[in-house]
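Written out below as structure tokens is the structure these notes cover.
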Amino acid sequence: MLRVHRRALSNMHLVFDFDGTITLSDTIGHLARAGVAAQKLSRGANLEPAWDALLQAYLADNDAYRAQFDTPAARTTAAQELRFLSGLADVERASLRRVGEAALFKGLGPAAMRRIGADAVANGDVQLRPGLARLVARAREKGWSVSVVSVNWSSEFIRGVVGDVLRDDGDGDGDGDGDEVVSNSTREEDGAIRGPDVLEGALLVTAPDKALAMQRLRGGGGGGPLVYFGDSTTDLACLMEADRGVVLAAAEGEGALLTTMKRLGLEVPPVEAKKKMGWARTFDECKRLIYSCQRFVIGRCVLVCDASARSQADARREGREPAAACSYRNFVLWAAAPTKPRVRSVWDRQLAMFARVDVLAAARSQ
């Protein structure tokens, strides 16, 4: 018997970066300034000099690290680039430790952090990338999972920015009813920053950290195909590991990530090309890439079905016993049976070629 293992499209998982992906630009500066303003209002503390010192210390550490590493031109493979990105962990962790010591977010609970995010959007300080709500709504219709993985300092700030586009696990019991937001968080009592539970509290600061978080969200590789959306070099590992990757950019070839990927020899055409990775300006442009995942997988199924039927027909014409279909045992079917009549008709004709083989029962029952 030919065994077909189905990874149903009903289990597709969309994973989004936040800064520069869901939003049009980085939000960390705004978040820090909001913390400074909150401390001045609540306890009369002027933390602007402290924030300026934090920023200068971070830039100095970053420059020192880059000076001791290979130049970008010398990093020509993904492995070399990821090694460089991984090494930034000490720089990033030291910066977050300083933020906690400065107590920028002391006394700000989850509700306050969400309000900072919501106000930022309402005031126009933070802008969402066009098409996000429509894409997520379409995912809801399909029953797909939606998650966010970000190196931002506050998951609650992220939820405040995105608003009701994301479903919230309102009771806080972590039972999986809401959309996952995997990011760092601020501690109300002292303003310290801690990492997400999925990383056991370790800070989420680098590309490898994000890839590990994505893997754990995925559950060790089970479920359906995963599509990842990102805009910066911290998204590189996730984009490479996902079944489909979308780079958000203002224009072709623009931005640090597209420049880096070009240097590494990674092909990133417009999403219309329907390759493993593509770039887009808005989420509206991404719909074709996601739906092409279904068409691509169905196409592979048709090809295999046709090849199997043809090989058996050739064997009969030549007076040979048809080869056992078990040679296709490891074929993985990602798509559930299509529902559109025209596509379903093609699907049915291809399945009819397997009349003598017990196959695809699971997909047919979908």
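Going letter by letter, the sequence shown gives residues 1 to 366 in full-length UniProt numbering.
Just so you know, even glycine gets a beta-carbon here, dropped at the ideal spot from N, CA and C.
Predicted, not measured: the structure shown is a model, and the values here were computed from it.
Buried or exposed: where does residue i fall if 16 or more other Cβ atoms within 10 Å of its Cβ makes it buried?
i	result
T21	buried
R244	buried
D52	exposed
V15	buried
A111	exposed
A335	Residue placement at A335 cannot be trusted, given a pLDDT of 39 that sits under 50; the coordinates are not used to answer.
A325	Residue placement at A325 cannot be trusted, given a pLDDT of 42 that sits under 50; what the coordinates show is reported in the next sentence. Classification of A325: buried, given that the 10 Å Cβ count is 16 or more.
G221	Annotation note: pLDDT 48 at G221 (below 50); position unreliable, no value reported.
N184	buried
A122	exposed
D197	exposed
K40	exposed
S155	buried
A38	buried
E141	exposed
P49	exposed
R98	buried
A67	exposed
L59	exposed
G255	buried
M277	buried
A64	exposed
S124	Here the sequence assigns Gly to residue 124, which means Ser is not the residue at that position. By the neighbour-count rule (16 or more Cβ atoms within 10 Å), G124 is not buried but exposed.
L360	Its pLDDT being 39, under 50, L360 is placed unreliably by the model, and nothing is read from it.
Can you find the residues in the same chain that come closer than 7 Å, C-beta to C-beta, to residue i, ignoring five residues on each side of it along the sequence?
i	result
A89	V205 and T206
L24	Q127 and R129
D179	V146, S147, L166 and R167
R216	V198
D231	D17, G20, T21, V247, L248, A249, G255 and L257
A57	R98
Could you pull the start and end residues of the alpha helix (DSSP H) that residue i belongs to?
i	result
S155	S155 to V162
V99	A89 to A102
E180	Where E180 is concerned, there is no enclosing alpha helix (DSSP H), although the beta strand (DSSP E) it sits in stretches over E180 to V182.
S42	I28 to R43
R136	For the sequence presented, residue 136 should be read as Val rather than Arg. Run containing V136: L132 to K142, per the alpha helix (DSSP H) assignment.
V121	P110 to A122
L128	Taken as a continuous stretch (DSSP letters only), L128 belongs to no alpha helix (DSSP H), as it is neither H nor E.
L55	E48 to A67
C238	L236 to E241
R262	For the record, residue 262 in the displayed sequence is Lys; it is not Arg. Taken as a continuous stretch (DSSP letters only), the alpha helix (DSSP H) holding K262 covers A256 to R263.
Going by CA-CA distance only, name the one from the options that's closest to residue i.
i	options	result
T71	T260, K287 and K275	T260
A94	A67, R194 and R114	R194
D26	L85, A120, A111 and F84	A120
R83	V91, E92 and F69	F69
P208	V182, S155 and S86	S86
N62	A37, A133 and V91	V91
Q80	K275, C286, T233 and K274	T233
D164	G219, A133, N46 and G230	A133
L54	L166, K274, G44 and G100	G100
L108	G219, H13, D284 and S42	S42
D284	H13, R115, G124 and L135	L135
G131	M240, F229 and L47	F229
Residue i lies in the beta strand (DSSP E); which residues open and close that run?
i	result
G278	M277 to A280
R244	R244 to L248
G230	L226 to G230
L82	Here L82 belongs to no beta strand (DSSP E); instead the alpha helix (DSSP H) covers A78 to S86.
L204	Segment: none, L204 is in no beta strand (DSSP E) and carries neither H nor E.
L14	H13 to F16
S147	S145 to V149
Among the residues of its own chain, which have a CB less than 6 Å from the CB of residue i, if the five just before and after it don't count?
i	result
A18	For the record, residue 18 in the displayed sequence is Phe; it is not Ala. Only V148, S150, N152 and I158 meet the Cβ criterion.
G35	L104 and F105
D171	Because D171 sits at a pLDDT of 37, beneath the cut-off of 50, its placement in the model cannot be relied upon, and the following sentence gives the value as read from the coordinates. Cβ neighbours of D171 beyond the five flanking positions: none.
G265	none
G161	According to the sequence shown, residue 161 is Val rather than Gly. Excluding positions up to five away in sequence, the list reads G117, V121 and V126.
M12	W144, G224 and P225
G219	none
For the ligand GDP, is there a heavy atom less than 7 Å away from the beta-carbon of residue i?
i	result
D17	Here there are no bound small molecules, and the ligand GDP is not part of this structure.
Sorted by chain position, which residues of the same chain lie with C-beta nearer than 8 Å to residue i's C-beta, five sequence neighbours on each side aside?
i	result
G253	T259 and K262
R281	L248, A249, A250 and A251
G201	R194 and G195
W279	V246, V247, L248, A249, E252, L258, V268, P269, P270 and V271
R138	K287
F113	Looking at the sequence itself, residue 113 is Met, so the reference to Phe does not match. So the qualifying residues of the chain are F105, S154, E156, F157, G160 and T186.
G44	none
C238	V15, D17, V149, A207, K210, A211, M214, Y228, G230 and G245
Next item on the list: Evaluate contact between the region 183 to 191 and the region 72 to 80, counting only Cβ atoms and requiring at least three cross-stretch pairs below 8 Å.
Entry: no
Check: Is there contact between the region 95 to 109 and the region 20 to 35, where contact requires at least three CB pairs shorter than 8 Å?
Finding: yes
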